Amino acid sequence: MASFLAPSPFGRRLEWGEHNFQTLSENFYRSIEITYPRHKGKERCFMPDNSKSPFPQEDQTVSISGLVKSFGHLRALDSLNLSVQRGEVHGFLGPNGSGKTTTIRILLGLLRADEGQISLLGADPWRDAVALHRRIAYVPGDVTLWANLTGGEIIDLLGRLRGGLNPARRAALLEIFELDTRKKAHTYSKGNRQKVALIAALASDAELLILDKPTSGLDPLMEAAFRECIALERKQGRTVLLSSHILGEVEALCDRVTIIRSGTTVETGTLAELRRFTRTVISAELSSPPHALAEMHGVHDVQTDGNKVHCTVENSELSDTLAYLISCGLQRITTQPPTLEELFLRHYRHDAIEKESNHE
Amino acid sequence: MNNQRNHWAGTLTLIRLILRRDRIVPPLWIISGALLAPATASSFAALYPDEAARALFVKAFAENPTITAMLGKVDSLTLGGLVVWRWSVAGIFIIGLANVLTVIRHSRNEEETGRAELIGSAVLGRFAQLSAVLIVLCCANILFALLVAFGMMQFEASAAGSLTLGFAVGAAGFFFAGIAALADRTASSARGARAIAGTSIGIFFIVYIIGNSTAGNNHLWWSPFGWVRLTHPYSGNDSSIIALIVAVSLLFVVVAYFLTLRRDINSGIFRLAHSGAETSPYLSSPLALAWRLHRTMFFWWFAGYTIIGAVFGVIAETASEQLMTSPLMAQIFSRPGVSVQPGDSLFTMSFSLLGDVLCLYVISATLQLHEEEASGRAEMLLSTSVERVQWALSHIFCVVAGSTLIFMGFGAASGLSLGMSTGNSWHEIIRLSGATLAHLPALWIFAGLAVALFGFAPRLTVGGSWGALALCTFLDMGGEFKQISSAILNISPFAHVPKILLGEDYLVPIASLTATAALLILAGLVGLRRRDIVA
Numbered sequence: 007m008a009s010f011l012a013p014s015p016f017g018r019r020l021e022w023g024e025h026n027f028q029t030l031s032e033n034f035y036r037s038i039e040i041t042y043p044r045h046k047g048k049e050r051c052f053m054p055d056n057s058k059s060p061f062p063q064e065d066q067t068v069s070i071s072g073l074v075k076s077f078g079h080l081r082a083l084d085s086l087n088l089s090v091q092r093g094e095v096h097g098f099l100g101p102n103g104s105g106k107t108t109t110i111r112i113l114l115g116l117l118r119a120d121e122g123q124i125s126l127l128g129a130d131p132w133r134d135a136v137a138l139h140r141r142i143a144y145v146p147g148d149v150t151l152w153a154n155l156t157g158g159e160i161i162d163l164l165g166r167l168r169g170g171l172n173p174a175r176r177a178a179l180l181e182i183f184e185l186d187t188r189k190k191a192h193t194y195s196k197g198n199r200q201k202v203a204l205i206a207a208l209a210s211d212a213e214l215l216i217l218d219k220p221t222s223g224l225d226p227l228m229e230a231a232f233r234e235c236i237a238l239e240r241k242q243g244r245t246v247l248l249s250s251h252i253l254g255e256v257e258a259l260c261d262r263v264t265i266i267r268s269g270t271t272v273e274t275g276t277l278a279e280l281r282r283f284t285r286t287v288i289s290a291e292l293s294s295p296p297h298a299l300a301e302m303h304g305v306h307d308v309q310t311d312g313n314k315v316h317c318t319v320e321n322s323e324l325s326d327t328l329a330y331l332i333s334c335g336l337q338r339i340t341t342q343p344p345t346l347e348e349l350f351l352r353h354y355r356h357d358a359i360e361k362e363s364n365h366e
Numbered sequence: 152m153n154n155q156r157n158h159w160a161g162t163l164t165l166i167r168l169i170l171r172r173d174r175i176v177p178p179l180w181i182i183s184g185a186l187l188a189p190a191t192a193s194s195f196a197a198l199y200p201d202e203a204a205r206a207l208f209v210k211a212f213a214e215n216p217t218i219t220a221m222l223g224k225v226d227s228l229t230l231g232g233l234v235v236w237r238w239s240v241a242g243i244f245i246i247g248l249a250n251v252l253t254v255i256r257h258s259r260n261e262e263e264t265g266r267a268e269l270i271g272s273a274v275l276g277r278f279a280q281l282s283a284v285l286i287v288l289c290c291a292n293i294l295f296a297l298l299v300a301f302g303m304m305q306f307e308a309s310a311a312g313s314l315t316l317g318f319a320v321g322a323a324g325f326f327f328a329g330i331a332a333l334a335d336r337t338a339s340s341a342r343g344a345r346a347i348a349g350t351s352i353g354i355f356f357i358v359y360i361i362g363n364s365t366a367g368n369n370h371l372w373w374s375p376f377g378w379v380r381l382t383h384p385y386s387g388n389d390s391s392i393i394a395l396i397v398a399v400s401l402l403f404v405v406v407a408y409f410l411t412l413r414r415d416i417n418s419g420i421f422r423l424a425h426s427g428a429e430t431s432p433y434l435s436s437p438l439a440l441a442w443r444l445h446r447t448m449f450f451w452w453f454a455g456y457t458i459i460g461a462v463f464g465v466i467a468e469t470a471s472e473q474l475m476t477s478p479l480m481a482q483i484f485s486r487p488g489v490s491v492q493p494g495d496s497l498f499t500m501s502f503s504l505l506g507d508v509l510c511l512y513v514i515s516a517t518l519q520l521h522e523e524e525a526s527g528r529a530e531m532l533l534s535t536s537v538e539r540v541q542w543a544l545s546h547i548f549c550v551v552a553g554s555t556l557i558f559m560g561f562g563a564a565s566g567l568s569l570g571m572s573t574g575n576s577w578h579e580i581i582r583l584s585g586a587t588l589a590h591l592p593a594l595w596i597f598a599g600l601a602v603a604l605f606g607f608a609p610r611l612t613v614g615g616s617w618g619a620l621a622l623c624t625f626l627d628m629g630g631e632f633k634q635i636s637s638a639i640l641n642i643s644p645f646a647h648v649p650k651i652l653l654g655e656d657y658l659v660p661i662a663s664l665t666a667t668a669a670l671l672i673l674a675g676l677v678g679l680r681r682r683d684i685v686a
């Protein structure tokens, strides 16, 4: 249980962690069932097929294609595509200023799209904003709160305005995130403000969670608690759109990932799909220098130091490369699996190089 | 010198930072406030060129007790004397407010936004931040005083009188800087500090009104508004009182420094309710939230207006009798075929004056909408099932209902205290609080304008709303001096308020003012529905 906490150097905190993860144990969390609101009445008439099941049946929770949004001369989003399947945790990645928050604000009906098809839970996020907002919960990246309201009051207010808060889940989450809800919001640190918005969202019965850099300001233990919560949400069948900079978080939580750059989608797919295009990092010690390695197909960034070698290898060429290394007398080898970070940096560097060449 | 304990290290650099950040609006504020004095002199010079004309004006107009209560007595029949009487209250309000807002903007507000932490981690003494803003304000007040003095010297031969007037009002400005410094160190937030220091101006003004309504000069000693008058510019020039104002201000500053050494950054002395309710069952709609955000300011205004109303009720009866002995006033306030009740002429005047002031509440409360959006809180609220129009209407409702209650509270309080002397309390309460209603639609037009700007040009909301009020107040003053043609005067909604107590027709003006306000609000809501919400 909670293995990522085991090597923690903080004895006291580890104790805290154990205590909390008992609270968070799956059985406990499961016992507090998520009851999705029954969709009935006029407000939800845009989804006529779902009257029988509490879970709306459309496959795509979010479907965006060719989205364009300009602010004056600045083209913030330029033919952006994003699709989030029902029940998945979808990572939304991109460098600062690439348009993640703008996309989310369009999904929330706060900004109006210039062009493109957008469907959120089968409806139009601009036209049907209010009806949709009963079914989604949002955590902004930079949470500002009403200074003279207490944390508890704000959690309840947001819950009521979203159309329901599960009191048992609220209590459990308060314990997990260790928030003093009796304090006025102006005394909260950034992390605590973030917790208020997170608890309000997670304790709601919303079927889609839209989280914009939700862990900014949280300490590593709270981040771990957040991951555990999201993992459980996925098991419960909630859909999550997670915008983040923290690649480890996305790798640990997300089924599928969309990477955008300057307002345009550059990669989308499952992590396994994306990894196919990435390279494995190999460091090896050999008995003879690997002279031919640099010329091999699919091998990059070769650095040799006598009999030691460091390189990156395209996954399709992995067996040929290993065969060659064995022929050189492989003595010791460490490999690092391709990471999302590498993929992300590749696009990011590409962007930087492009910018440089534009300058020249 | 021991550098590690140099509490003033970095003050010069911070002064430069303040001058860079405040290079447009505060100078404009100070210059226009100062130039209002020679502008008033020029109007008086045109209207009442010689002492005989001025004596007639004073007899007819300035000796009326309402006006005496608000502005004090006329000390000297020179042109300067009239300016002292007419301008000094406005001048103290303008320069006092500028001082209060500037002090808090550069000290507590900096701490609250975290910028002070960023700067404070550099080589910066504990006193640097407060000292920098106080030094800048000290210079600004001197500049203000000199501007007033040189402006007035164009109209008045007495240089000593002009300098006395300028420096007395400038010193009163610094007095409020001292109060703001104290509030800054003791309140629990920048907003609280602003409220304490801003309210102190209002309280000292009420004290001044009470002082003016009682016999003798002794009561003037209780308020800086009175101190300025006690310097007697153009009729004695008692500069020792200016020294007294500066000494008291410096005393506040010293206490503020003393507190600075003993406090943590961004903390006050009064720990106002740091912890509160875990949950509140009523907070479940946008309207309930809006009320929570508006209620503190509402209660302050309600209390202030009720107190002023009670004071006016007490002085109303005698005041009106004196007023009607002046033939000019009798002519202005009597209508053919209508018998005007005692006190009504005074109430008509005070309604329009305090109605203008209540616009400050109406506009700043309406701007809460803009504040909610700019801070990003609206984004979170609108991501729930709250509709934009519903959100905006909940704030507008608080503004409209709040301003109605505040002004009716004023009317009811004056009715009660007048009725206690005439023995007909219920009748007076209903009659006077009802009469205040006639003034409200004009105020709502300012709320409507703010909402319309918020819907269509959100970036102009703040500047446009305050600018419109400044313009209309200016036109109102111009109307008083009869120097602006009535076609232009009619732009101001104040010009269309019916004098209901004097028997003027009220149905058509009230209906058209209300309709205009409603249309402006409606237009703003339409705009809000169509535009992007930006944080």
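Protein chains in written order, with the numbering used here: chain A, 7 to 366; chain B, 152 to 686. From the three backbone atoms N, C-alpha and C, an ideal C-beta is built for every residue, glycine too. Values in this document were obtained by computation on a predicted structure and should not be read as measured data.
| Check | Outcome |
| --- | --- |
| Per-residue burial, T253 (chain B) [other beta carbons within 10 Å of its own, 16 or more giving buried] | buried |
| Partner residues on chain B for L330 (chain A), Cβ-Cβ distance less than 9 Å | One detail in the question is off: residue 330 (chain A) reads as Tyr in this sequence, not Leu. Chain B residues near Y330 (chain A): none, gap ~55 Å exceeds 9 Å. |
| Cβ-Cβ distance between G165 (chain A) and A209 (chain A) below 8 Å | yes |
| Given A279 (chain B) as reference, the closest of B:A407, B:L533, B:T573, B:G161 once Cα atoms are compared | B:G161 |
| is_contact[D656 (chain B), chain A] using C-beta, thresh 8 Å | no |
| Assigned exposure category for R610 (chain B) - 16 Cβ within 10 Å defines buried | exposed |
| Residue burial classification, L151 (chain A) (beta-carbon count within 10 angstroms, cutoff 16) | buried |
| K210 (chain B) - DSSP class collapsed to helix/strand/coil | helix |
| Whole-angstrom C-beta distance between W238 (chain B) and T191 (chain B), which should lie under 8 Å | 5 Å |
| When B:A334, B:P384, B:S340, B:V209 are compared against G231 (chain B), the one with the closest alpha-carbon | B:P384 |
| Local Cβ density within 10 Å of W236 (chain B), reported as buried at 16 or more and exposed below that | buried |
| Assigned secondary structure, F98 (chain A) (DSSP; H/G/I helix, E/B strand, else coil) | strand |
| Interface partners of L88 (chain A) on chain B, CB under 8 Å | What L88 (chain A) touches in chain B: nothing, since even the nearest Cβ is about 18 Å away. |
| Closer than 9 Å at the beta carbon, the chain B residues around A203 (chain A) | M531 |
| Short CB-CB distance (under 8 Å) between R443 (chain B) and chain A | yes |
| 8 Å Cβ cutoff, W132 (chain A) in contact with chain B | no |
| Reduced DSSP secondary structure (H/G/I, E/B, other) of V465 (chain B) | helix |
| S85 (chain A) and V74 (chain A) closer than 8 Å at C-beta | yes |
| Contact with chain A by T430 (chain B), beta-carbon distance below 8 Å | yes |
| Short Cβ contact (8 Å threshold) for G606 (chain B) with G678 (chain B) | yes |
| Outcome for N102 (chain A) when other beta-carbon atoms lying within 10 angstroms are tallied against a minimum of 16 | exposed |
| Backbone CA spacing between L233 (chain B) and V209 (chain B) [nearest angstrom] | 9 Å |
| Other residues of its chain near T341 (chain A): CB distance less than 6 Å, five sequence neighbours each side excluded | T286, I288 |
| Closer than 8 Å to chain A by CB, R582 (chain B) | no |
| Closest residue to L113 (chain A) among A:D120, A:L126, A:G105 (Cα-Cα distance) | A:L126 |
| Proximal chain A residues relative to I684 (chain B), where beta-carbon distance stays under 8 Å | R111, L116, L117 |
| Sequence-distant residues of the same chain with beta carbon closer than 8 Å to A332 (chain B), five excluded per side | V254, S258, L281, L285, F403, V404, A407 |
| Coarse secondary structure for K75 (chain A), derived from DSSP in three states | strand |
| Three or more C-beta pairs below 8 Å linking the stretch 610-629 of chain B and the stretch 550-563 of chain B | no |
| Residue-level contact to chain B via CB, T274 (chain A), 8 Å cutoff | no |
| Min CB distance T150 (chain A) to chain B below 8 Å | yes |
| Alpha-carbon spacing of G324 (chain B) relative to P178 (chain B), whole angstroms | 14 Å |
| Buried versus exposed call for E523 (chain B) [16 or more other C-beta atoms within 10 Å across all chains shown] | buried |
| Coil, strand or helix - T411 (chain B) by DSSP | helix |
| V299 (chain B) at chain A interface by Cβ criterion, 8 Å | no |
| CA-to-CA distance, A439 (chain B) to P660 (chain B), given in whole angstroms | 33 Å |
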